[in-house]
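Worksheet: one structure, shown below.
Numbering (the working numbering), first residue to last: 7 to 500.
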């Protein structure tokens with residue numbers, strides 16, 4: 007595993023790399039900094055990074071290298087033009103660094119940085135303008151905007167307001183000496199990917215003229231390229247991990263046709279296409295074939311679908327997850343409430359469906375006992391007091407989700423035989439709970455943990471799991487029983 011220093015040096019290399027590079031280039035940079043690393047480890051890091059695209063022949067390029075200087079555009083809504091302020095929302099997807107929130111984007115016009123304001127917008131506009139973040143993420147992005155200092159996210163379950171104050175940028179400052187009118191467009195390009203800096207220009211509405219201009223014709227061709235590229239991407243890549251990733255791959259592969267000055271925008275495309283729209287993907291959403299839900303198994307992953315579930319399950323073996331269970335155990339032990347033994351705990355962490363041999367279970371138990379002894383020497387129940395109840399709730403749900411996922415993944419059954427949307431939800435719940443556990447286990451973040459938001463999120467996940475567990479268990483039992491019947495029939499010569 008790469009150590010902290012090596013990881014930092016590689017990050018430094020990638021931050022400044024806008025050209026195509028190879029693993030050998032990274033190794034040479036590390037050597038220049040007095041560091042040597044295993045080639046396979048670097049290759050694995052580059053293939054799993056969200057900020058890098060693997061190309062052919064062992065080459066790579068960073069997102070900054072792909073998207074810096076590339077053209078994209080959007081057309082401000084009538085409400086924004088009337089209020090003389092624009093929202094950024096999803097409009098810079100996928101061109102900007104995804105770790106930079108929309109309210110922190112730096113806008114440049116006429117070589118000047120435009121200062122942001124706060125403006126009250128309708129919730130309908132806000133929802134539309136953040137839609138490409140996907141269902142499940144739209145509301146948090148809107149309510150966590152730094153311009154919203156009045157309505158907390160925790161109140162959303164009771165009532166969604168009709169209006170909300172959000173970070174915005176003045177259109178007249180961006181337009182300069184021009185008058186910005188409804189129908190005009192903002193042409194954009196990324197100046198600095200790492201810092202989230204975007205330059206904007208005004209493109210006047212060519213449709214005001216009686217004659218259809220070349221720009222309008224070129225933009226219509228752009229929508230055709232956009233649609234064709236998405237449809238090909240669905241077959242090759244499936245739904246991807248997010249809408250953002252779907253669009254990133256689209257623009258990577260079609261940049262010569264799509265990153266042109268007379269370009270359209272994803273949000274405008276979705277308003278007039280009949281083939282593609284927002285579709286349900288578990289508790290999230292994706293851009294997909296119109297009117298169809300996104301399955302867990304498709305042509306893009308049929309050969310590795312079972313491996314994907316087993317890959318998810320392997321996360322439950324990671325040190326952070328095991329430490330979370332042990333810290334919960336120590337907290338209960340310190341209160342005199344622990345009824346389980348460490349052997350009981352090992353069987354909770356590693357369900358019986360994993361079919362481990364007695365020797366493997368003994369090894370697992372020995373490692374858990376050793377880790378327990380290490381943690382016990384440094385455990386402080388007083389510093390754990392605030393986090394412990396939340397962690398206990400997370401672990402309770404995680405245990406149930408992990409148990410069901412293991413039962414399905416280790417059943418030997420074809421994953422396509424299970425209800426697809428429920429299976430998608432189960433895997434999404436698993437990854438969301440793992441993320442929550444990792445946040446709780448990060449000692450540097452504990453003082454800043456939004457415990458109220460976490461509790462609210464847990465309530466929703468509990469309800470969601472209850473909605474799907476019965477269906478998935480019934481499907482598991484039915485398919486297992488069907489499998490036994492087939493075996494029995496074959497023995498009788500039937």
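Ideal Cβ positions, reconstructed from N, Cα and C, are used throughout, including at glycine.
Residue pairing by DSSP places residue 129 in no beta bridge whatsoever. With a cutoff of 7 Å on beta-carbon distance, residue 202 and residue 354 are scored as not near each other.
Taking all protein chains in view, the Cβ of residue 165 is surrounded by fewer than 16 other Cβ atoms within 10 Å, so the residue is classified as exposed. Residue 373 carries a helical assignment under DSSP once its states are collapsed to helix, strand and coil. The Cβ atoms of residue 211 and residue 234 do not sit closer than 7 Å to each other. The three-state reading of DSSP puts residue 73 in helix, counting H, G and I together. Looking at the backbone, the Cα of residue 10 and that of residue 33 are separated by about 16 Å. Assignment of beta-bridge partners to residue 68 by DSSP yields 58.
Cβ contact annotation for residue 144 (same chain, cutoff 7 Å, sequence separation greater than five): 133, 136 and 137, in chain order. Comparing alpha carbon positions, the residue from 196, 85, 204 and 264 closest to residue 229 is 264. Excluding sequence positions up to five before and after residue 359, its CB lies within less than 6 Å of the CB of 412, 413 and 416, all in the same chain and listed in chain order. Residue 291 is bridged by DSSP to 286. From the listed residues 423, 392 and 424, the smallest Cα separation to residue 452 is found for 392.
In the three-state reduction of the DSSP assignment, residue 32 falls in the helix class, which pools H, G and I. DSSP, read as helix, strand or coil, puts residue 386 in coil. Close CB contacts of residue 35 within its chain, under the 6 Å cut and outside five residues either way in sequence, are with 19 (chain order). Counting only runs of 4 or more residues that sit fully inside the region 228-299, the alpha helix (DSSP H) segments are 249-259, 261-264 and 272-278, in chain order. Taken in chain order, the complete alpha helix (DSSP H) segments of 4 or more residues contained in the region 314-382 are 325-340 and 348-355. Selection 443, 197, 259 and 236 evaluated against residue 118 yields 197 as nearest (Cα-Cα).
Judged by pairs of C-beta atoms under 8 Å, the region 168-175 does not touch the region 49-63, as fewer than three such pairs exist. Look at residue 393 here: in three-state DSSP terms it is coil, with no helix or strand label.
A residue is called buried once 16 or more other Cβ atoms fall within 10 Å of its Cβ, and residue 241, having fewer, is exposed.
With respect to residue 328, residue 396 sits apart: the two C-beta atoms are not nearer than 7 Å. Under the DSSP assignment, residue 427 falls in the alpha helix (DSSP H) whose first and last residues are 426-447. Counting along the chain, the unbroken beta strand (DSSP E) around residue 118 starts and ends at 118-120. Apart from sequence neighbours up to five positions away, the residues of its chain that approach residue 122 with a beta-carbon distance below 7 Å are 173, 174 and 175, ordered along the chain. In this structure, residue 389 sits away from residue 374, with a CB-CB distance that is not shorter than 7 Å.
The region 397-404 makes contact with the region 318-334; the number of CB pairs closer than 8 Å reaches 3 or more. Residue 458 and residue 356 have their C-alpha atoms roughly 30 Å apart. As the crow flies, the alpha-carbon of residue 110 is around 25 Å from that of residue 67. Under the three-state reduction of DSSP, residue 404 is assigned to helix.
Note on geometry: alpha-carbon atoms of residue 159 and residue 454 lie some 16 Å from one another.
In this structure, residue 299 places its C-beta atom within 7 Å of the C-beta atom of residue 286. Spatial neighbours of residue 232 in its own chain (CB-CB distance under 6 Å, excluding positions within 5 residues in sequence) are listed in chain order as 275. If you check the CB distance, residue 244 and residue 307 come in under 7 Å. In this structure, the alpha-carbon of residue 419 lies about 24 Å from that of residue 364.
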